Amino acid sequence: MRKSFQSAAKTIRNLMSRKGVVFSVIFLGALSFLAIFADILGFDYLTQNLIESLQPPSAEYWFGTDELGRDILSRVVYGTRTSLVTSAGAVTIAAVLGVPIGLVAGFFGGWRDAVLMRVVDVMLALPAILFAMALIAILGKGQMAAMIAVGITGIPSFARITRAQVLSLRNRDFVTAVEAFGGSATYSMFRTILPNSWSPIVVQAIVLASVAILLEAALSFLGMGVAPPTPSWGEMLRTGKSYLYEAPYYAVLPGIILTLTILSFDTIGRAMTDFLEGRHELGDHSSVDAESEK
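Counting from 335, one number per residue, gives the positions in the sequence shown under this note's numbering.
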């Protein structure tokens, strides 16, 4: 346990030594803080004031107001809550369903692997946005429907990554030893292989979070996401484009927040990927050196 904490602390120190990661963590942390405590901080996204409609950014309205006189900054903050909750739920759904699929396919192989991976290939062949739109047409509009639709589109990526990890670990000595001592297939998959496969799965979760936020915004932009009056960044972009010339800040400022959020998740995911790949290469070189000494 202590060794695991030390390894995690070393990974965090390595990642935080990169300026891009530091900025991303600070930005996402500040955004999450505002979204969580929006009610306490006094943000109001519902109050309308038609006299103050389409006001430019000012000391009173930092991001200006929309066509109904509502504070755009407040709507961006509550839109952050919508995006993060939808993204977290979608990643959870994708991981809970995709990881076991990859475990079973990689561990047992044979017809199970062939059937499961063909299903995954079919899901990958369909464009994510069209697949999500088809699911929402069945489930109906709403945040829960968007969460489920986006989550299902992320299942293939978790299944393929988990399967690749299982195939690389399936015949390792520690797995063979567990089976030799009578360990069941379930024990070997979930207690032996899975704990040694978490690194790429966590990276995939972070990367998928950015994809989920973008996909949710795209669905809302097309009018198939979260239903009004619940704020959504995509819905704000869709409405703001009608006022692009007289009030460009209406669409531009939420668009900037959306872009920075996606880039922040992507930056953290890429940094973790680079670090894990470097550690893997170092491990491979150490193994080669050990074999040479023998």
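Every residue gets a Cβ at the ideal spot worked out from N, C-alpha and C, and that includes glycine.
None of these values were measured; they are calculated from a predicted model.
With a beta-carbon spacing of about 19 Å, W567 and I602 fall beyond the 8 Å limit used to define contacts. Between M451 and A439, the CB-CB gap stays under 9 Å.
DSSP places Q382 outside any alpha helix (DSSP H), giving it a letter other than H or E.
Counted as a single uninterrupted DSSP element, the alpha helix (DSSP H) harbouring W532 occupies residues 532–555.
Per DSSP, reduced to three states, the secondary structure at T399 is strand. The shortest CA-to-CA distance from V509 to any of S387, S408, S522 is the one to S522. At a Cβ-Cβ threshold of 9 Å, S598 and L362 count as neighbours. Judged by DSSP secondary structure, K575 falls outside any alpha helix (DSSP H); it is assigned neither H nor E. Residue A493 holds the alpha-carbon nearest to the alpha-carbon of V454 among W532, L578, A493, V430. L542 and G488 have their C-alpha atoms roughly 7 Å apart.
Taking the C-beta atoms as reference points, V545 is found no nearer than 9 Å to S554. Taking all protein chains shown into account, G474 has fewer than 16 neighbouring C-beta atoms within 10 Å of its C-beta and is therefore exposed. About 31 Å separates the CB atoms of E550 and V449; that is not less than 8 Å, and the two are not in contact. Residue nearest to S387 within the set A393, D373, G432, R404 is R404 (criterion: CA-CA distance). Taking all protein chains shown into account, Y412 has 16 or more neighbouring C-beta atoms within 10 Å of its C-beta and is therefore buried. The DSSP assignment places complete alpha helix (DSSP H) segments of no fewer than 4 residues inside the stretch 474–512 at 477–487, 489–503, in order along the chain. The continuous stretches of alpha helix (DSSP H) do not include S387, and DSSP gives it neither H nor E. Look at D405 here: in three-state DSSP terms it is strand.
Judged by DSSP secondary structure, S358 falls within the alpha helix (DSSP H) whose first and last residues are 353–370. Taking every protein chain shown into account, the CB of V500 has 16 or more other CB atoms within 10 angstroms, so this residue is buried.
Between T573 and E401, the CB-CB gap stays under 9 Å.
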